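Novice: Here this note's numbering = 1-based position in the sequence shown + 71. Just so it is clear, CB atoms sit at the ideal spot from N, CA and C, and this is done for glycine as well. The structure presented is a predicted model; accordingly, all values stated were derived computationally and were not measured. Please see the structure below; I have some questions.
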Amino acid sequence: MSTQPTIQSIYTDGACTGNPGPGGWGVVVYFSDGSIHEMGDASPHTTNNKMEMQAAIAALQFLQTSQQAQPITLHTDSEYLINCVTKWVKGWKKKGWKKSDGKPVQNQDLLETLDELNTQQVKWQYVRGHSGNIGNERCDAIARTYASGKIPSLQQLSPPDFYNFLPDFSELNVAKVADCEKNSRIINQNTQQVSTSTLEITVMELSTGPVAATTDEKAPEMKVSQLRNLLETLRIADEIAEKGYLITSSELADLMDVHASAVTSRGDQWRWRNWIVSRVRREGNQILWELERGDQIGGEEEL
Numbered sequence: 072m073s074t075q076p077t078i079q080s081i082y083t084d085g086a087c088t089g090n091p092g093p094g095g096w097g098v099v100v101y102f103s104d105g106s107i108h109e110m111g112d113a114s115p116h117t118t119n120n121k122m123e124m125q126a127a128i129a130a131l132q133f134l135q136t137s138q139q140a141q142p143i144t145l146h147t148d149s150e151y152l153i154n155c156v157t158k159w160v161k162g163w164k165k166k167g168w169k170k171s172d173g174k175p176v177q178n179q180d181l182l183e184t185l186d187e188l189n190t191q192q193v194k195w196q197y198v199r200g201h202s203g204n205i206g207n208e209r210c211d212a213i214a215r216t217y218a219s220g221k222i223p224s225l226q227q228l229s230p231p232d233f234y235n236f237l238p239d240f241s242e243l244n245v246a247k248v249a250d251c252e253k254n255s256r257i258i259n260q261n262t263q264q265v266s267t268s269t270l271e272i273t274v275m276e277l278s279t280g281p282v283a284a285t286t287d288e289k290a291p292e293m294k295v296s297q298l299r300n301l302l303e304t305l306r307i308a309d310e311i312a313e314k315g316y317l318i319t320s321s322e323l324a325d326l327m328d329v330h331a332s333a334v335t336s337r338g339d340q341w342r343w344r345n346w347i348v349s350r351v352r353r354e355g356n357q358i359l360w361e362l363e364r365g366d367q368i369g370g371e372e373e374l
């Protein structure tokens, strides 16, 4: 029985074209056994600071899900982000999220999430951007690729069940990384265009990368079984929307078959398949979400 790999350090970065404009964020997680896990996503209309925060939220959510007790260092080239989390947030909370000039603090929702996820376990470390640091350069490449409307090929641990951080990793096939610099480059230079909805709501689909490569090799009965499972998932989502049920982030992640950080880092409203997913409120440590049929909503909504 092998031990669970330990997260040693995490790098995060955000990018934005236009500021505000199309943006993206990237995260690179380094493990003690030499393995690497990368995450990232795009937003059609955002700011650089929002993307820096979204990257950090995804990183901290990933750390939380791992249930790791050992300390880690989170590297970022955003001094603003570090100051927000380690210095300014305490005063802002005391003042009712007002700055010294009385004006409201921008990105309060993201800052609240960061403050809840941040613990003494995390050491925030500033790294100068574009200085040749491998982790920072890779995060920057991921974020900029998403911001440019393309999808980079991310190095991720397999199988997907790793996201559950099961106690027994004896059957886990984790890619060993002998040369970190090799993995600082985008592995697959072939990219796809990112499609955005007319509502400019971030589109989230179920992961199809690994499945698409092997679909043709699967037996017909397996394909039919997968379709049945998909229909059941869509039926459940439809019932949740129709009856107005509120579900937690973890429940929503299970429904969509994605990692929890992919839900909590998306913002307050976005599109998933036929539904608009909206953040309703927070109860304790849980965020509650509501699903609405996207084809029943007019085209005038703005985020």
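From the DSSP output, in three-state form, read off tryptophan 168 for me.
Specialist: coil
Novice: For glutamate 123, count neighbouring C-beta atoms within 10 Å of its own C-beta (all shown protein chains included) and say buried if the count is 16 or more, exposed if not.
Specialist: Taking a 10 Å sphere around the C-beta of glutamate 123, we find 16 or more other C-beta atoms and assign the residue as buried.
Novice: Let's test the definition: count the other Cβ atoms within 10 Å of the Cβ of isoleucine 78 and tell me whether it reaches 16, buried, or not, exposed.
Specialist: buried
Novice: For histidine 146, write down the residues that DSSP places opposite it in a beta bridge.
Specialist: The beta-bridge partner set that DSSP reports for histidine 146 consists of Tyr82, Gln196.
Novice: Along the alpha helix (DSSP H) that carries threonine 216, what are the first and last residues, could you check?
Specialist: First-last of the alpha helix (DSSP H) with threonine 216: 205-218.
Novice: Apply the 10 Å Cβ neighbour rule to proline 230 and answer buried if 16 or more other Cβ atoms are within range, or exposed otherwise.
Specialist: Here proline 230 scores only 47 on pLDDT, less than 50, and its place in the model is too uncertain to base an answer on.
Novice: Return the bridge partner residues of isoleucine 107 from the DSSP annotation.
Specialist: Tyr101
Novice: Within the continuous beta strand (DSSP E) that includes glutamine 357, where are the two ends?
Specialist: 357-364
Novice: Does DSSP classify aspartate 309 as helix, strand or coil?
Specialist: helix
Novice: In three-state DSSP terms, what is proline 291?
Specialist: helix
Novice: Quick one: using the 10 Å Cβ neighbour count with 16 as the cut-off for buried, is serine 106 buried or exposed?
Specialist: buried
Novice: Tell me which same chain residues have a C-beta within less than 7 Å of the C-beta of alanine 312, skipping the five on either side of it?
Specialist: Trp346, Leu362, Glu363, Arg364
Novice: Sort out for me which residues DSSP pairs glutamate 322 with in a bridge.
Specialist: DSSP output for glutamate 322 lists no bridge partner at all.
Novice: By DSSP's criteria, proline 175 is part of a beta bridge. Which residues make up the other side?
Specialist: Lys169
Novice: Does the distance from the C-beta atom of isoleucine 222 to that of glutamate 109 stay below 8 Å?
Specialist: The answer is no: Cβ separation not under 8 Å.
Novice: Does glycine 94 get closer than 8 Å to chain D when you measure Cβ to Cβ?
Specialist: Reference to chain D is not applicable here, since this structure consists of a single protein chain.
Novice: Among the residues of its own chain, which have a CB less than 8 Å from the CB of leucine 181, if the five just before and after it don't count?
Specialist: Lys121, Met124, Gln125, Ile128
Novice: What is the DSSP secondary structure of proline 91, counted as helix, strand or coil?
Specialist: coil
Novice: Return the bridge partner residues of aspartate 112 from the DSSP annotation.
Specialist: Trp96
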